[in-house]
Each structure stands twice: as structure tokens, then as C-alpha cells.
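Worksheet: the structure to be examined is printed underneath.
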Amino acid sequence: MTDVIAPVPSTPTAPALPVLDDAGAPPVSGRRSLPGRRPFRPGRVLLNLAGLVVFVVFGFPVFWMVVTAFKRGVDVNQRNPTLLPAPGTLENFRAVLDRPFFWSAMRTSLMVTLLTVLLALAVGFLAAVGVARFGFRGRKAYMIMILVVQMVPAEALIISMFKVLDGWSLTNTVFGLTLAYLVFTLPFTIWTLRGFVANVPVELEEAAVMDGCSRLRAFTSVTLPLVAPGLVATGVFSFIQAWNEFLFALVIMDRPEHQTLPVWLQGFNEGAKGTDWGAVMAGSTVMAVPVIVFFLLVQRRVTSGLTAGAVKG
Amino acid sequence: MPTIALDAAVGGDPSAAPDRSPRPGRRRHSARRRRPGLPLLLLLPSLVVLGVVLGYPLVRLVVLSTQEYGMRQQFGAPAEQVGLANYRQVLGDDYFWTVLRRTLAFCVVNVVLTMVIGMLVALLLERLGRRMRLLVSVGLILAWASPALTATVVWQWIFDTQYGLANWLVTTLGIADYQGHSWLSEPGSFFAVATIIVVWMGVPFVAFTLYAGLTQVPSEVVEAAIVDGAGPWQRYRDVTFPMLKPLLLILTALSVLWDFRVFTQIFVLQRAGGINRDTNLIGVYAYRSATGDNRFDLGATIAVIMVIITLLLTVAYLRQMVRQEEL
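Line by line, the protein sequences give chains A and B. For the first sequence, position 119 matches number 156 in my numbering, and the numbering has no gaps at all. For the second sequence, position 47 matches number 339 in my numbering, and the numbering has no gaps at all.
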């Protein structure tokens, strides 16, 4: 792979060199391809080929999941697989929707996820304001604690977490699982939102107040819009974490009627082993595709949000 | 709710703001002094939540690891304090060391593969045209956004013994007759499949972050290197790499921590046909000791050891983080 990528840049950059020389000052992304002039270059073909390979390698499993979900049973259990569902079918999806506990799992997953997002944002935002806007003794210790907490492997906590929640009769409840999920989501939320709040100058709000705004108005019309991308980014992050989580849901929600989608799907997967891959892939599709589409839509905002939050401390 | 709190927070600034307006920094400080309780009030909810769902279970975990806690205690018998006996038992068990070695080896292989492929993909992203870059990004996001569970299930299907795509591909390409070949029953290929899943899911984040870092490398520096006649490899080694180094360190540390605690992929693949004893990694091992063998005390002990190792690994990450970000 090194052979493909590393030597290639020499080709596209070489012709760019004279242009850069006499252009002198502002070569915005000068070493990338220049728009408008793109003659045939073997280097570029190789690059694009490599890009195509990466696209296929990373995208294929998701494609295969969706394709299998639409195949008929006879086409799934084939020694010579076909790339597309020739006569497609919705039979697999029907099997998923009719399977016991699917709808309750969907409902539980949605409730836990939404509650996690709301709580993480509310609690995280307060803390972010606290550390970004105030200096006090223990502030640094608090920040380091947040960093350390983020690193504690939640997998190791599952045993005692179950005992603690069980003692409070919070196993098999939406609230109990949500509490557990705050462990993963809260530190990240605080850390990221802190950057956003710190980036909004206090002076901006004060200027609004001097212009006659109330404090509340100054906050909602000046600060909130500026922090909003951070709230969206961290909210999406919490959403994906909670929606995808498997181990805690497996242990804390151990009754079938309280399962979340991942646990339900794994039960399905084990039960249907070797027999009904079409239906299992349909179940996976139902669970994964909404998240993937959602992520694709907000991805740019999320990544730019995360970097913006990270730029300034 | 946050609205009111922030309003109060900002209201902590003196209402006499105008007359001292030329020195904003100073003013903020005086506000800090005036209401020392306010920031604590803002931090309180997070401290309570983390204390309840993280601190307390952590304490319970440590306590559990110093008790005898098995089936009988599960049904109400009082737990007896046994000091460090559990630690002695776990650390004296050859199998624990096998699992730990295996976990570390798995972690190293996965981190190296993730970082190298991630770096190569980032360099590729930087050099592609806009449309091609978008396409590659979409492919990466498909992998990135996939839930660990569905991803594992899909790969499990691809490596299925009877009708899996992998067996068909190997057989069709004429490499070997893999019809009916079981990938998961043999530890070597079991971990190969697990590695594929973990790396596949891990590369996108590394690639995107490094790509963002690459775009921050000032083009003047690169051009100067070109003018000086540096070849592509030299440019990478002497210009790009040093600038990316802090980012690379953080990403490596994060990957180490993530790959050390891999759970879902191993757990699901074991259920799909792996032999538990030959394929346990530390996270799964702790879980199985606690639930499968009903030895909560030993499970907790392994988990505590896992936390300690993680915290040791974290120190490197923290140092870098604290150095980079002004806390």
C-alpha cells in the first residue's frame, strides 16, 4: 500500500511548482490539484484507484448487509452469491417486525437514547459553563478528573454497576440504563462543550446587555447560537453511543421485554444461527441504517464542531 | 434549566460593568471572587452523576475484589473479607497471564494496523480531488457509524462457514478450497476476523482526524521543502510527520485504550463459534468469570487489574493532553 500512495504525490505536485513560484503569495491549497486544468496523469489515476479501493473496502460490509436483507432465502443460502437481490423481497423485514419483542426493543432503545442525550447535554452544559467561565480552586483537578474518567474502561465496571443498580431496583428500567450510559457520554460532553463556551467572549454578551438586552435575552440570542454547533455535535455523539451500546444493555436489561435493540438483535442472531441470515441482516439494517444516515447528514457539522471545540482550551 | 443557570452565571459579573469596561480580564476575575459558590453549583450535577454511576461502583468493585463472593453470597450469605487472597489466586493463575499476554498482543497488532492504515488513508484523502474525497469519506463514515454489534454480525455473516462470502472468494480465486471452512473455531483465524472488524471500525476516526491535521500543515512549509528538492518521503518524514506528532501520540494512546478493552466483537464471535478458553481477552474474561462461573469476586479482581493497567496507560495520554491543552 505504501507503494501506491507514497510516491504518487510527486506527479501532481511537480507541475504545480512553477505556478506556485510566480503566484507567490496566497496559494490556498496550492499543492492540491488545480481546478480547471486536469490533463491525464497516471499518478492521478492511481490515486483515484486507491480511493476507490478504500471506498469499497470500508463501504462493502454495509452494502452487503443491506443487499442480503432484500434477498430471498434461496438466494441467501447460495454457494455462489449474487451481488444484487435479483428478485428482491421484503419477507425478511416482515420477519423482523413480527418477531417477538422487536417493538418493545425499539421503544426501549429510543427512550434510553433520548433520555441519555437530554441528560448528558443538560448536566454537561452546566459543568462546561462552570469550568469555562469561572476560575476557582479545584478547577484543574476537576478537568483532569474528567479526562481520567473518560479513560476508565466501562467494561470493567459492569459487574459492580449491576450490583449497585440492582440494589436500587434500577435494573430493567430505562432510567437505570440511562444512568449507566452517562458514564460514557458525560465526560466527553463536558470536555467538548467547555471549548465552545470558552470560545464565546463574555464581552459579546455584555455588549448585548449594554444595548438594552436582558441577561436572558443576551444569552439566548448571543451565546446560545454560538454554542449550538457544540450542543449538536455532542448530542449526536451521545445519541450514537447510547443507541449502539451492547454490554451494559445486555447485563442491566436482562428481561426480554426490556431488551434494547442491540441485545434483541444478538438474541436473534444466536437463535437464527446458520438458518436465516436474510432476516438477521434485515434486523441489522433496521438498527444500523437510521444511525448511519443520520450520521452522514450531520457528519460535517459534527466533525467541524468537534474540531472547533478542540481548537481553543 | 441551563438557561437560568447561565443567566445567573453571567449575572455574576458586576452590574457596574460599564465603568470598568476597558479591562475585561480583570473584571471577570472580580466576578469569580464575588461568588465562589456558583461554579461549584454548576459542577454539582455532573459530580453527583459521576459519583453515583462511576465512583460508587468503582469502590464497590474494589471492595468486591477483597471479599469471597460466589454463588452462596449471591443468595444472601454474608460476604467474608479475604484480603488479597483473590489477587493472589488470579495472579497465580497461569491462564490469567495467558489472557493478559493475548490481550496486549491483540492490542498492539490492532493499534499498529489502525494507525498505519489510518495515516495512509489520511494522506490519500489529502491528495484526492473533491469528488473522490467525498466518495471515500462516505465509505469511511459507513464503517465509522456502524454499531459494533451490527458490524460484528455482518462480518460474521461474511465469514460464515456455509454460505459466507469469504469462503466463496477464497475458493473462487483458486487460493484454496475453503468450502465449509470454519474461521472462528481456530484461534488464529478467529483473531484475524476480530482484527479485521476492530481495524475496519477504528480507521475512519484516525483517518479523519489525521486528515484534519494534515490540512493544518502550512502549505508554505511544504512548498519550501519542495523548492529545496525534498522528495515525497523526505517531505513526509521531515516536515509533515513532526507536525503531526502530537496528534499521532494522542490517537495512538486512544487506540491503545480502546483496543485493550474490546468486548462486543470478541463476545459475539465467541458465541458464533469461537472456543472461549482459547479466545478470551481480558474484558470478556472478567465478565465470564463473574457471570459464567458465578465468581463475582474473581471477576471483580480481574476488572480491578484491568482498570489499573488502563490508568497506567492513560498517564501517557494525559501528559500529552495536559501539555497541549491549557487546562
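Quick reminder that beta carbons are idealized off the backbone N, C-alpha and C, glycines included.
Neighbour list for residue i in chain B, Cβ cutoff strictly below 9 angstroms
i: Asn117 (chain A); result: Trp460, Thr464
i: Ile277 (chain A); result: Ala437, Pro439
i: Gly209 (chain A); result: The amino acid at residue 209 (chain A) is misidentified as Gly; the sequence shows Asn. Result: empty, since nearest Cβ-Cβ is about 16 angstroms, beyond 9 angstroms.
i: Leu84 (chain A); result: Leu416, Arg419, Leu420, Gly421, Met424
Where residue i sits in the DSSP three-state scheme
i: Gln187 (chain A); result: helix
i: Gln366 (chain B); result: helix
i: Glu242 (chain A); result: helix
i: Glu282 (chain A); result: coil
i: Trp475 (chain B); result: coil
i: Gln526 (chain B); result: helix
i: Ser258 (chain A); result: helix
i: Val237 (chain A); result: coil
i: Leu127 (chain A); result: coil
i: Asn306 (chain A); result: helix
i: Val509 (chain B); result: coil
i: Ala458 (chain B); result: helix
i: Asp291 (chain A); result: coil
i: Asp469 (chain B); result: coil
i: Thr297 (chain A); result: coil
i: Ser85 (chain A); result: In the sequence on display, residue 85 (chain A) carries Asn and not Ser. Looking at Asn85 (chain A) - three-state DSSP - the assignment turns out to be helix.
i: Asp135 (chain A); result: helix
i: Thr153 (chain A); result: helix
i: Lys108 (chain A); result: coil
i: Ala301 (chain B); result: Low local confidence applies: a pLDDT of 31 at Ala301 (chain B) is under 50, so the model's placement there is unreliable, with the coordinate-based value given in what follows. The answer is helix: DSSP assigns Ala301 (chain B) an H, G or I state.
i: Ile567 (chain B); result: coil
i: Ser197 (chain A); result: helix
i: Leu333 (chain B); result: helix
i: Cys399 (chain B); result: helix
i: Phe332 (chain A); result: helix
Interface residues of chain A facing residue i [CB-CB closer than 8 angstroms]
i: Ala440 (chain B); result: Asn281, Phe283
i: Val446 (chain B); result: Pro98, Val99, Trp101, Met102, Met318, Ser321
i: Gly591 (chain B); result: Ile196
i: Met613 (chain B); result: Leu184
i: Tyr455 (chain B); result: Val113, Asn114, Gln115, Arg116, Pro118, Trp314
Under 7 angstroms by beta carbon: chain B residues contacting residue i
i: Glu192 (chain A); result: Arg553, Phe555, Gly575
i: Ile195 (chain A); result: Tyr579
i: Ala325 (chain A); result: Ser438, Pro439, Thr442
i: Val328 (chain A); result: Ala437, Pro439
i: Asn306 (chain A); result: Val445
i: Ile227 (chain A); result: Ser338
Residues bridged to residue i [DSSP beta-bridge criterion]
i: Gln115 (chain A); result: In the DSSP output, where bridge partners are listed per residue, Gln115 (chain A) has none listed.
i: Glu372 (chain B); result: B:Glu360
Partners in chain A for residue i, counting only beta-carbon separations shorter than 7 angstroms
i: Val341 (chain B); result: Val160, Leu219, Leu223
i: Ala516 (chain B); result: Neighbours of Ala516 (chain B) on chain A: none; closest Cβ ~10 angstroms, over 7 angstroms.
i: Phe588 (chain B); result: Ile196
i: Tyr348 (chain B); result: Val201
i: Asp530 (chain B); result: Ordered by position in chain A, no residue passes the 7 angstroms Cβ test against Asp530 (chain B), which lies about 14 angstroms from the chain.
i: Ile450 (chain B); result: Pro98, Trp101
Residue i beta carbon near the ligand PLP (any heavy atom closer than 8 angstroms)
i: Val90 (chain A); result: Among the components of this structure there are no ligands whatsoever, and the ligand PLP is therefore not found.
Contact set between residue i and chain A, taken where Cβ atoms lie within less than 9 angstroms
i: Ile567 (chain B); result: Near Ile567 (chain B) there are no residues of chain A at all, since even the closest Cβ is about 16 angstroms away, more than 9 angstroms.
i: Tyr259 (chain B); result: Given that chain B is displayed from residue 293 to residue 619, the structure contains no residue 259 (chain B) and the question cannot be resolved.
i: Thr602 (chain B); result: Met188, Val189, Pro190, Ala193
i: Arg364 (chain B); result: Chain A residues near Arg364 (chain B): none, gap ~15 angstroms exceeds 9 angstroms.
i: Pro496 (chain B); result: Phe95
Chain-ordered chain B contacts of residue i [CB-CB under 8 angstroms]
i: Trp301 (chain A); result: Within chain B, no residue comes near Trp301 (chain A); the closest Cβ sits about 10 angstroms away, beyond 8 angstroms.
i: Ala87 (chain A); result: Leu416
i: Gln357 (chain A); result: Residue 357 (chain A) lies beyond the range of chain A shown here (38 to 350); nothing can be said about it.
i: Phe332 (chain A); result: Ile433, Trp436, Ala437
i: Leu216 (chain A); result: Val341, Val344, Val345
TODO: Could you please tell me which residues of the stretch 414-432 of chain B, in chain order, have their CB closer than 9 angstroms to any CB of chain A?
DONE: Leu415, Leu416, Leu417, Glu418, Arg419, Leu420, Gly421, Arg422, Met424, Arg425, Leu427, Val428, Ser429, Val430, Gly431, Leu432
Task: Against chain B: residues of the stretch 125-140 of chain A by CB proximity under 8 angstroms - done: none
Open item on the list: Using a Cβ-Cβ cutoff of 8 angstroms, what residues of the stretch 165-176 of chain A are near chain B? List them in chain order.
Closed with: Val166, Gly167, Val168, Arg170, Phe171, Gly172, Phe173, Arg176
Task: Contact set between the stretch 378-410 of chain B and chain A, restricted to residues whose Cβ is under 8 angstroms from the partner - done: Across the stretch 378-410 of chain B, CB contacts with chain A closer than 8 angstroms involve Ile409, in sequence order along the chain.
Task: Minimum length 4: unbroken alpha helix (DSSP H) runs contained in the stretch 415-449 of chain B - done: 422-437
TODO: Could I get the ranges of all uninterrupted alpha helix (DSSP H) runs contained in the stretch 538-602 of chain B, with 4 residues as the minimum, in chain order?
DONE: 556-563, 568-571, 574-583
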